[in-house]
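Visitor:
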Amino acid sequence: MISIEIDFIYFFASLLFLQYSLLSITKNENKNLFLVYWLSLSVIGILFLTSLSKWEFSVFGWDTQSIFFLLTKTNLILFFAFQVLGERIFSYSRIAGFFILVLLTLFYGSFFYWIHLFQSQLLAEDESRLLPFTIAMGAFVWTREMFWNPQNLNESKLVEEDKQNLLFLFLPCILFLLSPYKSNYEFIEMIGKPVVLGFSSLIGFSLISQYLKVSIPREAEIGVWLGSIGFSTAMSVELVVSIPLAFVIGMFGRGIYFYLDELKWSDSGKRGVVSYLLPSVIATFLPFLVIEPKDWNHAPYVLLGVQVLYFLSFYLISSLVFGFLLLIKPKSV
């Protein structure tokens with residue numbers, strides 16, 4: 001299959017991110033507004049990138065002639081951009097909300113360059129190149145929960161929680177499919193691993209819920225994310241090793257969720273921390289546990305420093321960006 005055909009498939013697969021985001025919005029008028037935001041940013045982004053290409057300028061990570069591949073990356077970036085604030089984005093005026101999404105899109109869009117810098121210069125351990133995105137999401141969710149958690153925000157009564165859907169099964173698979181630097185299409189063969197590991201962590205997560213006799217909103221989705229993201233830096237590890245570890249990670253994640261529940265965190269806060277931040281921390285240091293020392297890119301202490309720097313760089317800059325959003329948030333919320 002030639003690359004343009006695969007790019008075409010990637011694009012339609014990435015539309016699940018749009019569907020997932022729409023399902024998480026409660027009010028129909030906000031869904032329509034969000035659709036306008038999403039499509040407008042996609043069109044403006046394509047216009048901007050094609051204009052630069054015509055003038056022989058290139059933007060690292062976006063220098064491709066495939067419109068479908070550009071749209072695919074745009075859908076991935078917009079998915080993360082919306083997850084930063086969720087329905088809080090609609091508390092801003094429409095113009096302000098649009099420009100905030102533009103800011104977040106530019107912020108996430110620049111990650112392709114910074115990931116390349118870490119991989120080429122510092123040789124950080126990250127096989128999927130997706131860890132910075134989930135680190136940033138974890139930082140945003142944590143900061144949001146600490147400093148912007150309005151009590152009147154009806155986050156726990158989302159539409160999609162009232163009916164079962166299977167989107168959670170596809171999201172980890174597609175997320176790895178859209179990994180920024182996997183232009184080698186044989187990477188598709190590796191997609192099965194994060195899915196299996198996600199199922200393994202889901203089993204561990206759900207078993208603890210069964211033991212506690214407590215069901216939680218979107219339990220299956222959280223469980224799948226734990227294993228998928230947790231092993232994003234060590235996808236080449238044999239399944240006979242990674243499956244039991246993913247099971248344990250799922251159980252540990254359910255314990256963290258229980259602890260946050262005791263602290264009276266909101267559903268979106270608990271879901272975000274356990275789905276993004278916790279597995280990102282695990283993924284940062286997992287290579288020390290599952291990868292042979294002879295295959296490490298650095299000596300042990302040097303690698304530890306590189307991995308810590310890799311995590312903190314994206315975590316701290318994301319926290320600063322959210323701090324700016326706090327400064328301009330509407331005073332009524």
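According to my numbering, the stretch in the sequence shown is residues 1 to 333, in order. For each residue, glycine too, the CB sits at the ideal point set by N, CA and C. Since the structure is predicted, the reported quantities are computational estimates derived from the model, not experimental observations.
(1) Counting along the chain, where does the alpha helix (DSSP H) carrying Asp63 start and finish?
(2) Do you know how far the Cα of Asn28 is from the Cα of Ser120?
(3) Any idea what DSSP makes of Ala81, helix, strand or coil?
(4) If Ser232 sits next to Ser128, beta carbons under 8 Å apart, how far is it from one beta carbon to the other, in whole angstroms?
(5) Near Ile77, what residues of its chain come up, given a Cβ to Cβ distance below 6 Å and the 5 sequence neighbours on each side ignored?
(6) Just to confirm before moving on: does the CB-CB distance between Tyr257 and Ile222 stay below 9 Å?
(7) Use the C-beta contact count for Gln307: other C-beta atoms within 10 angstroms, 16 or more gives buried, fewer gives exposed.
(8) Enumerate in chain order the residues of its own chain whose CB-to-CB distance from Asp162 is below 6 Å, with the five nearest sequence positions on each side excluded.
(9) Hey, which unbroken runs of the beta strand (DSSP E) at 3 residues or more fall wholly within the segment 201-239?
(10) Rounded to whole angstroms, what's the CA-CA distance from Tyr181 to Lys213? Just pull it up for me.
(11) Just verifying my parser: in three-state terms, what is the DSSP assignment at Leu286?
(12) Tell me whether the beta-carbon of Tyr276 lies closer than 9 Å to the beta-carbon of Pro132.
(13) On the premise that Phe140 lies in contact with Ile203, defined as a C-beta separation below 8 Å, what is that separation, rounded to the nearest angstrom?
(14) With three or more beta-carbon pairs closer than 8 Å as the criterion, would you say the segment 61-72 touches the segment 83-92?
(15) Taking the straight line between their C-alpha atoms, what separation do you get for Leu303 and Gln19?
(16) Please report how far the alpha carbon of Asn149 lies from the alpha carbon of Phe57, in whole angstroms.
(17) Check each candidate in Lys31, Asp7, Val43 and name the one with the smallest Cα separation from Val102.
(18) With distance defined between alpha-carbon atoms, name the residue in Val240, Ile95, Leu260 nearest to Ile216.
(19) Can you tell me whether Ala299 is buried or exposed? The criterion is at least 16 other CB atoms within 10 Å of its CB, across all chains shown.
(20) According to DSSP, is Arg88 part of a helix, a strand, or is it coil?
(21) Do you know whose CA, among Leu85, Ile46, Leu278, Gln210, lies nearest Ile67's CA?
(22) In the DSSP assignment, find the unbroken alpha helix (DSSP H) run with Leu304 in it and report its ends.
(23) As a quick exercise: from Trp62, Val84, Ala234, Arg254, pick the residue whose alpha carbon is nearest that of Ile100.
(24) What are the boundary residues of the alpha helix (DSSP H) that Asn32 is part of?
(25) Go through its chain and collect everything with a Cβ distance to Glu5's Cβ below 8 Å, but skip five positions before and after it.
(26) Assign Asn75 to one of three DSSP states: helix, strand, or coil.
(27) Considering only the beta carbon of each residue, do Ala136 and Phe314 sit closer than 9 Å?
(28) Can you tell me whether DSSP reads Ala124 as helix, strand or coil?
(29) According to DSSP, simplified to helix, strand and coil, what is Glu292?
Guide: In this structure, then:
(1) Mapped onto the sequence shown, residue 63 falls at position 63. Asp63 -> no alpha helix (DSSP H), and no H or E assigned at all.
(2) Locating residue 120 in the sequence shown gives position 120, where the first residue counts as 1. Locating residue 28 in the sequence shown gives position 28, where the first residue counts as 1. Cα to Cα, the separation comes out at about 45 Å.
(3) Taking the sequence shown and counting its residues from 1, the one referred to as residue 81 is at position 81. Of the three classes helix, strand and coil, the one that applies to Ala81 here is helix, per DSSP.
(4) Sequence index remark: in the sequence shown, residue 232 carries index 232 (1-based). Sequence index remark: in the sequence shown, residue 128 carries index 128 (1-based). Indeed they touch by this definition, with Cβ atoms about 4 Å apart.
(5) Along the sequence shown, one-based indexing puts residue 77 at 77. For Ile77, where only same-chain residues beyond five positions count, the Cβ hits under 6 Å are Thr105, Tyr108, Gly109.
(6) On the sequence shown, residue 257 is found 257 positions in, with the first residue counted as 1. On the sequence shown, residue 222 is found 222 positions in, with the first residue counted as 1. Yes, they are a contact pair.
(7) Within the sequence shown, the letter at position 307 stands for residue 307. When all chains shown are included, Gln307 counts as buried.
(8) Mapped onto the sequence shown, residue 162 falls at position 162. Confidence in Asp162 is poor, its pLDDT being 45 and thus under 50, which makes the residue's placement unreliable; the coordinate value appears in the next sentence. Answer for Asp162: no residue qualifies.
(9) As far as the segment 201-239 is concerned, it has no whole beta strand (DSSP E) run of at least 3 residues.
(10) For the purposes of this step, residue 181 is taken as residue 181 along the sequence shown, with counting starting at 1. For the purposes of this step, residue 213 is taken as residue 213 along the sequence shown, with counting starting at 1. Confidence at Tyr181 is low in this model, with a pLDDT of 46, below 50, so its placement is unreliable and no value can be given for it.
(11) On the sequence shown, residue 286 is found 286 positions in, with the first residue counted as 1. Note: Leu286 maps to coil in three-state DSSP.
(12) Indexing the sequence shown from 1 puts residue 276 at position 276. Indexing the sequence shown from 1 puts residue 132 at position 132. It is not a contact, given that the beta carbons lie outside the stated cut-off.
(13) Locating residue 203 in the sequence shown gives position 203, where the first residue counts as 1. Locating residue 140 in the sequence shown gives position 140, where the first residue counts as 1. Not really, about 28 Å apart at Cβ, beyond 8 Å.
(14) no
(15) As a working mapping, residue 303 is identified with position 303 in the sequence shown. As a working mapping, residue 19 is identified with position 19 in the sequence shown. So the two alpha carbons sit approximately 39 Å from each other.
(16) Counting from one through the sequence shown, the residue named residue 149 turns up at place 149. Counting from one through the sequence shown, the residue named residue 57 turns up at place 57. When rounded, the distance between both Cα atoms is 42 Å.
(17) Numbered from its first residue, the sequence shown carries residue 102 at position 102. Considering only alpha carbons, the answer is Val43.
(18) Position 216 of the sequence shown, counted from the first residue, corresponds to residue 216. Looking at Val240, Ile95, Leu260, the one whose alpha-carbon comes closest to that of Ile216 is Leu260.
(19) By 1-based counting over the sequence shown, the position of residue 299 is 299. Exposed: under 16 other Cβ atoms inside 10 Å.
(20) Translated into positions along the sequence shown, residue 88 becomes position 88. In the structure shown, Arg88 adopts helical secondary structure according to DSSP, grouped into three states.
(21) The sequence position of residue 67 within the sequence shown is 67, counting from 1. Per the Cα distances, Ile46.
(22) The sequence position of residue 304 within the sequence shown is 304, counting from 1. That run of the alpha helix (DSSP H) goes 300-327.
(23) Here residue 100 refers to the residue found at position 100 of the sequence shown. When each option's Cα is compared against that of Ile100, the closest is Val84.
(24) Locating residue 32 in the sequence shown gives position 32, where the first residue counts as 1. Note, Asn32: alpha helix (DSSP H), 28-54.
(25) For the purposes of this step, residue 5 is taken as residue 5 along the sequence shown, with counting starting at 1. Result list for Glu5: empty, nothing under 8 Å.
(26) The count along the sequence shown starts at 1 and reaches residue 75 at position 75. Here Asn75 sits in helix by DSSP.
(27) As a position in the sequence shown, residue 136 is number 136, starting the count at 1. As a position in the sequence shown, residue 314 is number 314, starting the count at 1. For Ala136 and Phe314, yes; Cβs fall inside 9 Å.
(28) Walking along the sequence shown from the start, residue 124 turns up at place 124. It is coil, neither helix nor strand.
(29) On the sequence shown, residue 292 is found 292 positions in, with the first residue counted as 1. Note: Glu292 maps to coil in three-state DSSP.
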